[in-house]
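Numbering (the working numbering), first residue to last: -9 to 427. Read through the structure below, which is laid out as structure tokens, and then see the notes.
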Amino acid sequence: MNKIYDAIGIGIGPFNLSLAALTNDLDEADILFFEQEVSFDWHPGMLIEGMDLQTPFIADLVTFADPTNRFSYLNYLYKHNRMYSFFFFNRFTIPREEYNAYCKWVASELSNCQFGQCVTDVSEVPDKSCYAVTVLSIEDGSKKIYYAKHIILGTGSIPNIPAPLQGFPEEDITHTSRYTYFQDALKEGSSITVVGSGQSASEVFYDLLKDQKNCGYDLTWFTRSGGIFQKEDTGLGREVFSPEYIDYFHNLTMEARMESLENLSTIRNGVDPKLLEKIYELLYNRSIESALHEVTIQTNTAVNAIEAQTDSNTESYRLQCEQWQKGEKFTYHTDKVILATGYKPYLPDWLENFYEKIEWEDEKRFRVTADYRLVFKDSRENQIFTLTNIEHSHGSSATNLGLSVLRNQKIINSIVGKEVYSTPDQAVFQQFEMKKS
Ligand SMILES: Cc1cc2nc3c(=O)[nH]c(=O)nc-3n(C[C@H](O)[C@H](O)[C@H](O)COP(=O)(O)OP(=O)(O)OC[C@H]3O[C@@H](n4cnc5c(N)ncnc54)[C@H](O)[C@@H]3O)c2cc1C
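Structure representation (structure tokens):
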């Protein structure tokens, strides 16, 4: 007889890693997790030295569910003899590189995670009593089938690059997700252009600005946005990343949810104010002795297409740009481009097996219950939970590390069928609608 796991988790980014950490030592849930990469690594192409995590360390993989859990960030510090240096560091935010090191440590301690294993198919067994999960070993190409009552989709996101900006050598035109792999080649150009204005664009621009004096390139920053804005950084503003707001948001109509996401766009896409200050300080200091003619920053400007400049001897590119507010189109020459054009949810091909069986809110967004299940047209005991593609159903906190533990608490409670982890009662000071008496 084949073993039937309570659940199989697909993809081990921080979201499923948290689920793995919260269930590894739990008798009530036997869950196995698969990751196609050979080891845990969190956005390695964006691990730029000195950049911080946007969420405080308390939002680690387990603490919100269980501060005594051995996979807490504080225990990582303790085990690595870093408690005192962290005490003197005296900050709530931590370097992104250290968050990655912490996650790697957790992954290495867990017995329920398998790396180098790509899930290539998920289907229902004929009597619908469980799911069959086909797993390909990256090392030797062998395939194995596992069975589970439930599936947890944690396949994360992939770079979102508009078609007219695709297809060029990566040492010249790179998405931010691969920046650290190509930064040396990029810095060899005599002109570099950053496209976009979110957190990733700002981090890359700052890194390039710091090195500009050593390398001598001209630096340009184009963004379609009306400005380069900071993210909301006050307590009441941050309360939209709260359990209460998630519940409120989930109960809205699809139209109201999409409108709300639009209204909250600076909270979702704004930049860490400390980073924007550092950029401004550096620009200011550089401008003391001479005008900053090698730096161009222009908002309201879309880069619509890239063309290789075949008439020149060196690799160089023409950007087809538009200052959309004035309706002015222009061509801009540059050697290198970094595309900070964001990410989109990654939905694996095998999900097509379920397209007709689940409900959709529109052609790309499936319907998701409050406890993160896909809604099947028939009633069933075996569920597909999702941590991916849930911004439309659960709001701006869908990709926020701070709220992923709460999400996992709810999923674990649903799988086990009882409250293993209690969820908070009153987390915020404000309310989002009049309470019913
Ligand atoms: C550069 C960057 C910085 C960020 N910083 C912050 C921050 O500071 N604070 C914050 O709250 N949020 C941050 N985010 C947002 C969010 O927290 C991250 O995107 C986070 O990594 C999401 O975790 P995840 O587990 O959903 O997905 P991912 O980290 O994308 O992991 C998904 C995993 O699934 C694997 N996978 C996919 N398909 C398969 C398959 N078929 N079989 C096996 N494995 C598969 C992939 O290889 C990948 O490892 C950041 C995002 C980016 C891009």
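All C-beta atoms, glycine included, are put in the ideal place defined by N, C-alpha and C.
Assigned secondary structure, residue i (DSSP; H/G/I helix, E/B strand, else coil)
i	result
Y345	coil
D208	strand
Y336	coil
E114	strand
D325	coil
Q107	strand
F24	strand
S75	helix
S386	helix
A122	strand
W314	coil
V185	strand
R357	coil
Q399	helix
I142	strand
P85	strand
Y411	coil
Q44	coil
Residues near residue i by beta carbon distance below 6 Å, same chain, minus five either side
i	result
T256	F219
S113	A122, N343
V406	E18, A19
T164	F172, I328
R363	Q373, F375
A49	L391, G392
heavy atom of ligand 1 below 6 Å from residue i C-beta
i	result
S113	no
V358	no
M244	no
S147	yes
P338	yes
I0	yes
N390	yes
G40	no
Q26	yes
M73	no
D43	According to the sequence as given, residue 43 is Leu; it is not Asp. For ligand 1, at least one heavy atom lies less than 6 Å from the Cβ of L43.
V406	no
C93	no
V429	What is shown of the chain runs -9 to 427, which leaves residue 429 out entirely.
G206	no
P4	yes
H33	yes
G144	yes
Residues near residue i in its chain [Cβ-Cβ closer than 7 Å; skip 5 each side]
i	result
R276	L282
S232	A417, V418
I84	D42, L43, F47
G1	E25, G144, T145, G146
Chain B contact for residue i (CB, 7 Å cutoff)
i	result
G146	Considering every chain present, this structure includes no chain B. It has just one protein chain.
Residue i burial status per 10 Å Cβ neighbour count (16 or more: buried)
i	result
L273	exposed
K367	exposed
K400	buried
E249	exposed
G225	exposed
S386	buried
E409	exposed
M424	exposed
Q107	buried
H140	buried
H384	buried
Y270	exposed
Residues near residue i by beta carbon distance below 8 Å, same chain, minus five either side
i	result
Q173	D197
V365	I348, E349, F356, R357, V358, T359
M36	R86, T166, S167, Y169, T170, S190, E193
E318	E312
Any non-hydrogen atom of ligand 3 closer than 6 Å to residue i Cβ
i	result
M36	This structure lacks ligand 3; its bound ligands are ligand 1.
Uninterrupted beta strand (DSSP E) stretches inside the region 231 to 312 (no shorter than 3 residues):
285 to 288, 291 to 298
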